[in-house]
Amino acid sequence: MYIVIVGAGEVGQYLARIFVEEQHDVAIVEQDEKLARELESSLDALVVHGSGVNFRTLEKARVKRADLVLAVTQVDEVNLVACMTAAKMSRARTVARVREVGYLGGDRSLTARELGIGLVVGPERAVAEQVVEFLNFDGAGQFWDLFGKNLRLIELPLAEDSPFIHESLAQLSEVMPSPSLVAAVAGRGGLRIPRGDDRIKQGERAYVLTVPRNVEEFLILSGKPWHHVRHVLIIGCGNIGFYLAQELERRNLFPTIIELDRERADFVSRNLAKSIVLQGDGTDPDLLREQLEERADAVVVLIEDNEKALVAGLMARHLGAKKIIVRCDKRAYEPLGRDMGIDALISPRRAVADAILQFVHRGKVQRSHMLGDHDGEIMDFKIPEHPRNKEIVDKPLRELDFPQGAILGAVCRGDQVLIADGNTKLQPGDEVLVVAVRDAIGAVEKLLG
Numbered sequence: 001m002y003i004v005i006v007g008a009g010e011v012g013q014y015l016a017r018i019f020v021e022e023q024h025d026v027a028i029v030e031q032d033e034k035l036a037r038e039l040e041s042s043l044d045a046l047v048v049h050g051s052g053v054n055f056r057t058l059e060k061a062r063v064k065r066a067d068l069v070l071a072v073t074q075v076d077e078v079n080l081v082a083c084m085t086a087a088k089m090s091r092a093r094t095v096a097r098v099r100e101v102g103y104l105g106g107d108r109s110l111t112a113r114e115l116g117i118g119l120v121v122g123p124e125r126a127v128a129e130q131v132v133e134f135l136n137f138d139g140a141g142q143f144w145d146l147f148g149k150n151l152r153l154i155e156l157p158l159a160e161d162s163p164f165i166h167e168s169l170a171q172l173s174e175v176m177p178s179p180s181l182v183a184a185v186a187g188r189g190g191l192r193i194p195r196g197d198d199r200i201k202q203g204e205r206a207y208v209l210t211v212p213r214n215v216e217e218f219l220i221l222s223g224k225p226w227h228h229v230r231h232v233l234i235i236g237c238g239n240i241g242f243y244l245a246q247e248l249e250r251r252n253l254f255p256t257i258i259e260l261d262r263e264r265a266d267f268v269s270r271n272l273a274k275s276i277v278l279q280g281d282g283t284d285p286d287l288l289r290e291q292l293e294e295r296a297d298a299v300v301v302l303i304e305d306n307e308k309a310l311v312a313g314l315m316a317r318h319l320g321a322k323k324i325i326v327r328c329d330k331r332a333y334e335p336l337g338r339d340m341g342i343d344a345l346i347s348p349r350r351a352v353a354d355a356i357l358q359f360v361h362r363g364k365v366q367r368s369h370m371l372g373d374h375d376g377e378i379m380d381f382k383i384p385e386h387p388r389n390k391e392i393v394d395k396p397l398r399e400l401d402f403p404q405g406a407i408l409g410a411v412c413r414g415d416q417v418l419i420a421d422g423n424t425k426l427q428p429g430d431e432v433l434v435v436a437v438r439d440a441i442g443a444v445e446k447l448l449g
């Protein structure tokens, strides 16, 4: 597949590297000349310096022969116009990243269709809902609802006294609630798919596949202290903060908001019914201490400046906040944030990339989600009624030549959801869940796609 990416920021570069690894042909359009030169020497892709809304620039990027055009710059208007232009020049599917909800209209799909855009990605509301779930499941890192919320994959940061530490997975299976499976482990060496004799080391994170009723017990087993959040402090109230406050109000959790910009603080105050809005600097130690002492037991930092956001999160930890969630769009900062004691790191840019990967893999893969520090995926496949590879059905999984670095973790068969084991046999029509490291994804798609 030939893919043109307009915009080489964090999202564009990340997607480009994934698609190059998947052996697609990639072109990148970038307006910043210095960045374009850097990418030419570091990425196996065609790099075109210029504006994504310029017809000649798009011609240089060979848009006419593109199968897919992704416009992911920081400017909504550029993304929309780039996709509209590409749609006129080619038969490519198009995806536009759009932050301003006003562009989406009342009917998002109709608006996109009228503009000639295959998918409009606006992740802010979805990220806000994700934060609410983080607050509900204190003690967990990230998590993913799967198979219609009948299954959940949870990331467990592990305390020193957790029974997960230094025990083999075979031993852990005796104390873990059933049904469940440790599908992956992440640490300094990256993401790995463990086997029965594997042992989880201190400082690593376990990714556990289980049913929702078992989540609370796993949080206890992780050894991390947890409690029910009652009072939330939001630092920074852009679109995500505003949507988050609305959702918390709907759940009778009335947050306190600190917003630096006076006009924005006034707008938020006028448009939220029950939240307390303070105009001030969320990195001010005195203001932060006052709010934490008075009421807040969870802090959500949504400042767009990554460095300031991490500083605010660190200060909140120092001042005794029990739960800290921080927006962080820079991949390089994620390990640092965890080492600093941040409970969860969220990224709108990661959400954009996640949505785009789902769109690109549609057909082969029904849904996909990035895992770990962007070095693995959760993939959802449908076994066709007449699979090309007949070897995958009616045979125990232990007898399948399943790719190294991947595990088939669960099967959805009608209304029944099963955690898979070596004796599980796939049937036509099954929906299956696979967790895989980046290098194994192509082999998994070839086997099951």
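All the letters of the sequence shown, read from the start, carry residue numbers 1 to 449 under this note's numbering. All residues carry an ideal CB built from backbone N, CA and C; glycine is no exception.
For Tyr14, no pairing in a beta bridge is given by DSSP. About 17 Å separates the Cβ atoms of Ala296 and Ala265, ruling out a contact at the 8 Å cut-off. With contacts defined as CB atoms closer than 8 Å, Val232 and Val300 qualify as a contacting pair. By the beta-carbon neighbour count (other beta carbons within 10 angstroms, threshold 16), His386 is exposed.
Under the three-pair Cβ rule at 8 Å, the stretch 369-384 counts as touching the stretch 435-443. In the pairwise beta carbon analysis, the stretch 78-88 is classified as not touching the stretch 10-25: fewer than three pairs are separated by under 8 Å.
Straight across, the Cα-Cα distance linking Gly429 with Asp394 is about 12 Å.
For the pair Lys446 and Asp415, the Cα-to-Cα distance works out to about 27 Å.
Beta-carbon to beta-carbon, Glu30 and Ala8 are separated by about 4 Å, close enough to satisfy the 8 Å threshold. The stretch 114-176 is shown to contain whole alpha helix (DSSP H) runs of 4 or more residues at 124-136 and 169-172, in chain order. In this structure the stretch 400-412 does not lie against the stretch 213-220, because fewer than three pairs of beta carbons, one per stretch, are closer than 8 Å. Its chain contains no residue whose beta carbon lies nearer than 6 Å to that of Asp421 once the 5 sequence neighbours on both sides are disregarded. Around the beta carbon of Asn79, 16 or more other beta carbons sit within 10 angstroms, so the residue counts as buried. By DSSP's assignment, Thr256 forms a beta bridge with Leu233 and Ile276.
When Leu272, Ile303 and Arg388 are compared, the shortest CA-CA separation from Glu259 is found for Ile303. The Cβ-Cβ distance between Val432 and Phe359 does not fall below 8 Å. For Ala45, no beta strand (DSSP E) segment is defined, and its DSSP state is neither H nor E.
Excluding its 5 nearest sequence neighbours in each direction, Ala61 has C-beta neighbours in its own chain below 6 Å: Val4, Ala27, Val29 and Val48, listed in chain order.
DSSP lists no bridge partner for Glu263. In the assembly as shown, Pro123 is a buried residue. Its beta-carbon has 16 or more other beta-carbons within 10 Å. Distance from the CA of Lys323 to the CA of Pro348, rounded to the nearest whole angstrom, comes to 20 Å. For Phe381, the three-state secondary structure derived from DSSP is strand. For Thr210, the enclosing beta strand (DSSP E) starts and ends at Arg205 to Thr210. If you look at Val98, you'll find it isn't in any beta strand (DSSP E); DSSP assigns it neither H nor E. For Lys425, DSSP records a beta bridge to Pro396. Short of 8 Å from the beta carbon of Gln427, and not among the five residues preceding or following it, lie these beta carbons of its own chain, in chain order: Ile383, Val393, Asp394 and Arg413.
Beta-carbon to beta-carbon, Ser168 and Gly196 are separated by about 7 Å, close enough to satisfy the 8 Å threshold.
Apart from the 5 residues on each side of it in sequence, Val417 sits with its Cβ closer than 6 Å to the Cβ of Phe147, Asn150 and Leu151 in its chain, given in chain order. Sequence-distant Cβ neighbours of Gly337 in its own chain, meaning closer than 8 Å and more than five residues away, are Leu310, Gly313, Val326, Cys328 and Leu345. Residues of the same chain with a CB within less than 6 Å of the CB of Leu287, apart from the 5 flanking positions on each side, are Gly280 in chain order. The beta-bridge partner set that DSSP reports for Glu21 is empty.
The C-alpha of Met1 lies about 17 Å from the C-alpha of Tyr14. The beta carbon of Val277 sits closer than 6 Å to those of Ile257, Ala265, Val268 and Ser269, all from its chain and outside the five residues before and after it, given in chain order. For Gly414, there is no enclosing beta strand (DSSP E), since its DSSP letter is neither H nor E.
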